[in-house]
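Asker: Numbered according to this note's numbering, the sequence shown terminates at residue 412, and the numbering increases by one at each position without gaps.
C-beta atoms are modelled at their ideal positions from N, C-alpha and C, and glycine is treated no differently.
Bear in mind that the values here come from a model prediction, so they are computed numbers and not experimental data.
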Amino acid sequence: MVVKVYGPLYASPKRVLVCLVEKEVDFETVPIDLLKGEHKHPDFLKLQPFGSVPLIQDGDYTLYDRKIIQESEEKLGKVLDIYEERLSKSKYLAGDFFSLADLSHLPFTHYLVANMGKEYMIRDRKHVSAWWDDISNRPSWKRVYGPVYPSPKRVLVCLVEKEIEFETVPIDIFKGEQRNPEFLKLQPFGQVPVIQDGDYTLFESRAIIRYYAEKYKSQGTDLLGKTMEERGLVEQWLEVEASNYHQPLDNIVTHILFASAMGISSDPKIIQESEEKVGKVLDIYEERLSKSKYLAGDFFSLADLSHLPFTHYLANSMGKEYMIRDRKHVSVWWDDISSRPSWKKVLQFGECNECICLPRNIAT
């Protein structure tokens, strides 16, 4: 009999797999794509009602780590009982003002309420329930709700530079909302971002920023250049970013930051090879930026703007800042573009939504 192991190949399922190998037990893996929400599919929930992995099937016998879940639930319940007592005396945890103490609870409590069938743990406690409704309805939380990914930021920073009013519609990738029929009508590939501008719908972030830079050319920052020659250089370096810079950098970001969440194993070889490719592109940028302030010339353009989201990870989140700092002109350029008010504003939105953007100004 072959044992079936359900789950993406990250830490917890690997613990099971290494045990099976040590015990010389035949097994097969059944991939569960967390990003598509497959762990919340009714067929999987019949096997594992908590929607978590790993899970094994050994013939007619099914097993998951119920004991750890039960023990953790009991501990959490005791903490929430203390919160209930505290919140019977004050509106928020630290007093009658919203603070970091409340804010810090938002991400994981959201999963407790929305993703795990454990909402009763909040709702059975009157004051905790009122507190959660209050903090989870704050505009700041509604704005940042959604998983971390940089592509929508490319669109948002363009909208801010062009002084276009917009609202965001969060798409929860971990719930598989990008696969909902209504969303697929807007984006048949089930990817983000997407914009709706009146009756007009557009996807692919670089297509979107080109569209708004052209449509509102005379509004906000001119991101395309003033002459055909300048426009040509903007397009040239925008293509370099998309074709030569983005893909290897995306590989680095994926394998260092998001591998576990995506259910894949981080591959040092891919990281090293991709780092070498990014380094070669940055060497070309260094030469170019020794001759002009920005990539397309002495004006900030879409070519620079498009680098912001992924280079932010390179410079801040992965221990790879030296790739920027070891190149004098690239370093100066990065400090310049990452200090723009538009980018700072986008970062204030939080680690940005996977979203649909709905511009709403907008006098033509």
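Taking DSSP as the reference, what is the three-state secondary structure of F231?
Answerer: Here F231 sits in helix by DSSP.
Asker: Is it right to say C67 is buried, meaning 16 or more other beta carbons lie within 10 angstroms of its own, or is it exposed?
Answerer: Answer is exposed; the Cβ neighbour count stays below 16.
Asker: Among the residues of its own chain, which have a CB less than 8 Å from the CB of F237, if the five just before and after it don't count?
Answerer: Same-chain partners within the cutoff: F251.
Asker: Please report how far the alpha carbon of D150 lies from the alpha carbon of S253, in whole angstroms.
Answerer: Roughly 34 Å between the two C-alpha positions.
Asker: In whole angstroms, what is the alpha-carbon distance linking S184 and H158?
Answerer: Whole-angstrom Cα-Cα distance: 8 Å.
Asker: Take Y21 and list the residues in its own chain whose beta-carbon comes closer than 6 Å to its own, dropping the five residues that flank it on each side.
Answerer: Outside the displayed range of the chain (49 to 412) lies residue 21, so it cannot be described from this structure.
Asker: Leaving out the 5 sequence neighbours to the left and right, which residues in its chain are closer than 7 Å to D315 when beta-carbon positions are compared?
Answerer: The answer, listed in chain order, is H303.
Asker: Assuming L272 and L353 are in contact, meaning their beta carbons sit under 8 Å apart, how far apart are those beta carbons, in whole angstroms?
Answerer: About 11 Å; that fails the 8 Å criterion.
Asker: Whole angstroms is fine: what's the gap from E262's alpha carbon to V208's?
Answerer: Rounded to whole angstroms, E262 to V208 spans 15 Å at the Cα level.
Asker: I need the straight-line Cα distance from K94 to L103, nearest angstrom please.
Answerer: If you take the alpha carbons of K94 and L103, they lie about 12 Å apart.
Asker: Under a three-way DSSP split, which group does L141 fall into?
Answerer: DSSP places L141 in coil when its eight states are reduced to three.
Asker: Return the CA-CA distance between G194 and P200, expressed in angstroms with no decimal places.
Answerer: The predicted position of G194 is uncertain, since its pLDDT is 28 and thus under 50; a value taken from the coordinates is nonetheless stated next. Taking the straight line joining both Cα atoms gives about 11 Å.
Asker: Can you give me the start and stop residues for the beta strand (DSSP E) that Y248 sits inside?
Answerer: Y248 -> beta strand (DSSP E) spans 248–251.
Asker: Taking a contact to mean a Cβ-Cβ separation below 9 Å, would you say C206 touches Y131 in this structure?
Answerer: Not in contact: C206 and Y131 (Cβ atoms no closer than 9 Å).
Asker: If you follow the alpha helix (DSSP H) that E72 is in, where does it begin and where does it stop?
Answerer: No alpha helix (DSSP H) contains E72, which DSSP labels as neither H nor E.
Asker: Would you check if the distance between the CB atom of W381 and the CB atom of Y342 is smaller than 9 Å?
Answerer: Yes, they are a contact pair.
Asker: Could you give the distance in angstroms between the alpha-carbon of E70 and the alpha-carbon of E76?
Answerer: Each residue's Cα considered, the two are about 15 Å apart.
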